[in-house]
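Using UniProt numbering, the first residue of the sequence shown is number 1, and each one after it goes up by one. Even for Gly, the Cβ is constructed at its ideal location relative to N, Cα and C. Note sheet for the following structure.
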Amino acid sequence: MRMIGVPEPERSGYNGRRGTEAHDGDVKYPALVRTTLILGTCALGWSAAVATVQYLW
């Protein structure tokens, strides 16, 4: 899962903060999952708020 051509210092410094900065193959999937989770949470919150408002009115 290593990118070819990444200098050694960047790779060794990367170990401490895994997840914030990863290699191309590693970053896209978790970022997509995180975005999906955030959007899903927002959608759930909004639908719950709308349902509550409709119920109250």
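Go through its chain and collect everything with a Cβ distance to residue i's Cβ below 6 Å, but skip five positions before and after it.
i   : result
S47 : none
Starting from the C-beta of residue i, find all residues in its chain whose C-beta is less than 7 Å away, skip the five residues before and the five after it, and write them out in chain order.
i   : result
G13 : Bear in mind that a pLDDT of 49 at G13, under 50, signals an unreliable position, so the number given afterwards is only what the model happens to contain. Cβ neighbours of G13 beyond the five flanking positions: none.
L32 : none
Apart from the five residues just before and just after residue i, which ones in its own chain have a Cβ nearer than 8 Å to its Cβ?
i   : result
L56 : none
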